[in-house]
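Participant:
Residue numbers (the working numbering), protein chains in the order written: chain A, 1 to 250; chain B, 1001 to 1184.
(1) Assuming residue 1186/B and residue 1031/B make a contact with CB atoms under 8 Å, what is their CB distance in whole Å?
(2) Thinking C-alpha only, which one of 194/A, 220/A and 155/A is nearest residue 171/A?
(3) Alpha carbons only, please: which of 1133/B, 1171/B, 1010/B and 1140/B is nearest the one belonging to residue 1080/B?
(4) Please report how far the alpha carbon of residue 64/A lies from the alpha carbon of residue 94/A, in whole angstroms.
(5) Decide if the region 1067 to 1086 of chain B is in contact with the region 1037 to 1049 of chain B; the criterion is three or more beta carbon pairs, one per stretch, under 8 Å apart.
(6) Using a Cβ cut-off of 8 Å, which residues of the region 143 to 173 of chain A contact any Cβ in chain B, in chain order?
(7) Where does the unbroken beta strand (DSSP E) through residue 191/A begin, and where does it stop?
(8) Along chain A, which residues have their Cβ under 7 Å away from the Cβ of residue 1174/B?
(9) Taking only beta-carbon positions, decide if residue 3/A is within less than 8 Å of chain B.
(10) Check whether the Cβ atoms of residue 1052/B and residue 1008/B lie closer than 8 Å to each other.
(11) Which chain A residues sit within Cβ distance under 8 Å of residue 1134/B?
(12) Just verifying my parser: in three-state terms, what is the DSSP assignment at residue 1165/B?
(13) Go through the region 23 to 68 of chain A residue by residue and report every complete run of the beta strand (DSSP E) that reaches 3 residues or more, in order.
(14) Say whether chain B places a C-beta atom closer than 8 Å to the C-beta of residue 68/A.
(15) Residue 1015/B lies in the alpha helix (DSSP H); which residues open and close that run?
(16) Drop a sphere of 10 angstroms on the beta-carbon of residue 1114/B, count the other beta-carbons inside from all chains shown, and report buried for 16 or more, exposed for fewer.
(17) Please report how far the alpha carbon of residue 85/A lies from the alpha carbon of residue 218/A, in whole angstroms.
(18) Helix, strand or coil for residue 1092/B? Go by DSSP, reduced to three states.
(19) In chain order, what residues of the same chain lie with their CB nearer than 7 Å to the CB of residue 1082/B, ignoring the 5 residues before and after it?
(20) Quick one: give me the first and last residue of the alpha helix (DSSP H) that residue 152/A is part of.
(21) Sorted by chain position, which residues of the same chain lie with C-beta nearer than 8 Å to residue 1139/B's C-beta, five sequence neighbours on each side aside?
(22) Does residue 1170/B get closer than 8 Å to chain A when you measure Cβ to Cβ?
(23) Report the residue from 198/A, 188/A, 159/A and 43/A whose alpha carbon sits nearest the alpha carbon of residue 173/A.
(24) With DSSP run on the structure shown, which of helix, strand or coil describes residue 1135/B?
(25) Keeping to the same chain, check which residues put their C-beta closer than 8 Å to that of residue 250/A; ignore five residues upstream and five downstream.
(26) Counting only the same chain and skipping the five closest in sequence on each side, list residues whose C-beta sits under 8 Å from that of residue 1019/B.
(27) Looking at the unbroken alpha helix (DSSP H) that takes in residue 1085/B, where does it start and where does it end?
(28) Whose Cβ in chain A lies nearer than 9 Å to the Cβ of residue 1117/B?
(29) Would you say residue 1026/B and residue 2/A are within 8 Å of each other, going by their C-beta atoms?
(30) What residues of chain B sit near residue 244/A, judged by a beta carbon separation below 7 Å?
(31) Below 8 Å on C-beta distance, what does residue 1138/B contact in chain A?
(32) Given a threshold of 16 other Cβ atoms within 10 Å of its Cβ, counted over all protein chains shown, does residue 1147/B qualify as buried or as exposed?
(33) I'd like to check one pair, residue 96/A with residue 69/A: are the Cβ atoms closer than 8 Å?
(34) Interface residues of chain C around residue 1125/B at Cβ under 8 Å?
(35) Answer yes or no: do residue 123/A and residue 1135/B have a C-beta to C-beta separation smaller than 8 Å?
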């Protein structure tokens, strides 16, 4: 298996990186390009950009952000939020993203997964799953569905998803550790890689989840201090998880 | 110093390769023009899209023949990911696709614990850690580097192909890319 990956996630609204616990209390934390470079220099293995406004008007702004990021970033990055068609995915990928992430649109139109995979390959399609107690939620975790999590994960992989981004809604933002049982159950059921998300609060939490899965999404743990990423990597390595060696740029 | 030609085969993302070259201080153009492919000091066959549509596009534009002539003339070509796979004889992808046939070997569906194989892995004997994202892999007697026992690079004559993405492999990738280009 390739090395475990640490993936900072940046929420983007109207072309800026924001943070906030709800959509009404967003705080501007900076320019996506500058922050991307900062995380990359700190040893991020990959980045995820999530357009949390995901409005049709916002789509052009996001494409522009993707172009600017692609021009300076030499690590892979995934873009999610508001992608509802193969054409939407194609605009984002042609702007320079390596992969797109789809969530509610995949629930509404599962054929979208196959459509994007047929055009760009499975490695370009991440399906994000927001998991509740046993069932999947749509619309950013706000709408319950009657779709059970593990069978949905199996279905998206069969339809061509190249990776699953699995978020535990209960753990998200709490910094109390990942949902290891959920992560294990999904990963055992599929043969594509799984990124665990929701709950990273310490190096120990990240190391624990990286023992059972391929990658960990980290958000609030680094957002408060992006320059803490190299230190976090060292702590995780000290706990016995091998990460890629990060070389200084010459 | 002439522009690096990134061969256009009608698939999405060539922006990252261009950005990496810019970072290295090299100008580049995305083109399928046989004359440019023939004249450039450096030619990169990038790695995006599907094998069938890529080959069809290369044959239709005359880029395929230009690449074969360039190879016969012993002029350098760097293939990345799909661009490396296209240089072999054939691929199992898309129900079977004939490649450029510059090198011996076939491209087969990856037999790995998780497919696609995504992430950073050590390439031996070169020693760098690079980013991979693939569901197919080369089986070739021209293999010159491996990663987890899988083919990571092939070389024959003036063609060097890598399965990983140097343009997405941070400092190690830029260093590798710089080493593949003709000197300033």
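C-beta: ideal position from N, C-alpha, C; glycine also. Please read all numbers here as calculations on a predicted model, not as lab measurements.
Facilitator: Taking the coordinates as given:
(1) This structure cannot speak to residue 1186/B, because chain B is shown only from 1001 to 1184.
(2) Numbered from its first residue, the first chain carries residue 171/A at position 171. Considering only alpha carbons, the answer is 220/A.
(3) Locating residue 1080/B in the second chain gives position 80, counting from the first residue. Closest option to residue 1080/B, Cα to Cα, is 1133/B.
(4) Translated into the one-based positions of the first chain, residue 64/A becomes position 64. Translated into the one-based positions of the first chain, residue 94/A becomes position 94. So the two alpha carbons sit approximately 11 Å from each other.
(5) yes
(6) 162 and 163
(7) Counting from one through the first chain, the residue named residue 191/A turns up at place 191. Taken as a continuous stretch (DSSP letters only), residue 191/A belongs to no beta strand (DSSP E), as it is neither H nor E.
(8) One-based indexing of the second chain puts residue 1174/B at position 174. Going along chain A in sequence order, the residues near residue 1174/B (Cβ under 7 Å) are 74.
(9) As a first step, residue 3/A must be located in the first chain, where it is residue number 3. At least one chain B Cβ lies under 8 Å of residue 3/A.
(10) Along the second chain, read from residue 1 onward, the residue named residue 1052/B stands at position 52. Along the second chain, read from residue 1 onward, the residue named residue 1008/B stands at position 8. It is not a contact, given that the beta carbons lie outside the stated cut-off.
(11) Numbered from 1 along the second chain, position 134 holds the residue referred to as residue 1134/B. Per Cβ cutoff of 8 Å: 123.
(12) Here residue 1165/B refers to the residue found at position 165 when the second chain is read from its first residue. Looking at residue 1165/B - three-state DSSP - the assignment turns out to be coil, as it is neither helix nor strand.
(13) 27 to 30 and 47 to 51
(14) Stepping through the first chain from its first residue, residue 68/A is reached at position 68. It does not; no Cβ of chain B falls within 8 Å.
(15) Position 15 of the second chain holds residue 1015/B. Taken as a continuous stretch (DSSP letters only), the alpha helix (DSSP H) holding residue 1015/B covers 1015 to 1023.
(16) Here the question's residue 1114/B lines up with position 114 in the second chain. Classification for residue 1114/B: buried.
(17) Residue mapping note: residue 85/A aligns to position 85 of the first chain, counting from 1. Residue mapping note: residue 218/A aligns to position 218 of the first chain, counting from 1. Looking at the two C-alpha atoms, the distance is approximately 27 Å.
(18) Counting from 1 along the second chain, the entry for residue 1092/B is found at position 92. Coil, per DSSP.
(19) Position 82 of the second chain, counted from the start, is the residue given in the question as residue 1082/B. These residues qualify, in order along the chain: 1047, 1048, 1049, 1051 and 1054.
(20) To locate residue 152/A, count along the first chain from 1; it is residue 152. Looking at the DSSP string, the run of the alpha helix (DSSP H) that includes residue 152/A is 149 to 158.
(21) Walking along the second chain from the start, residue 1139/B turns up at place 139. Taken in chain order, the residues that qualify are 1105, 1106, 1107, 1108 and 1151.
(22) Your numbering for residue 1170/B matches position 170 in the second chain. For residue 1170/B, the answer is yes, since a Cβ of chain A falls inside 8 Å of its Cβ.
(23) For the purposes of this step, residue 173/A is identified with residue 173 of the first chain, where counting begins at 1. Taking only the C-alpha atoms, the option nearest residue 173/A is 198/A.
(24) Position 135 of the second chain holds residue 1135/B. In the structure shown, residue 1135/B sits in coil (DSSP, three-state: anything other than H, G, I, E or B).
(25) As a first step, residue 250/A must be located in the first chain, where it is residue number 250. For residue 250/A, the pLDDT reaches just 48, beneath the cut-off of 50, and the residue's location in the model is therefore unreliable, leaving the point undetermined.
(26) Locating residue 1019/B in the second chain gives position 19, counting from the first residue. The residues are 1167.
(27) Residue 1085/B sits at position 85 when you count from the first residue of the second chain. Element bounds for residue 1085/B: 1082 to 1085.
(28) Numbered from its first residue, the second chain carries residue 1117/B at position 117. 1, 2, 123 and 193, listed in chain order.
(29) Your numbering for residue 1026/B matches position 26 in the second chain. Your numbering for residue 2/A matches position 2 in the first chain. Cβ atoms of residue 1026/B and residue 2/A: not closer than 8 Å.
(30) Locating residue 244/A in the first chain gives position 244, where the first residue counts as 1. Per Cβ cutoff of 7 Å: 1120 and 1129.
(31) Counting from one through the second chain, the residue named residue 1138/B turns up at place 138. Chain A residues near residue 1138/B: none, gap ~16 Å exceeds 8 Å.
(32) Within the second chain, numbered from 1, the residue matching residue 1147/B stands at position 147. The residue is buried, with at least 16 neighbouring Cβ atoms inside 10 Å.
(33) Within the first chain, numbered from 1, the residue matching residue 69/A stands at position 69. Within the first chain, numbered from 1, the residue matching residue 96/A stands at position 96. Yes, these two residues count as a Cβ contact at 8 Å.
(34) Absence of chain C from the displayed structure is noted, the protein chains being A and B.
(35) Here residue 123/A refers to the residue found at position 123 of the first chain. Here residue 1135/B refers to the residue found at position 135 of the second chain. Closer than 8 Å, so yes.
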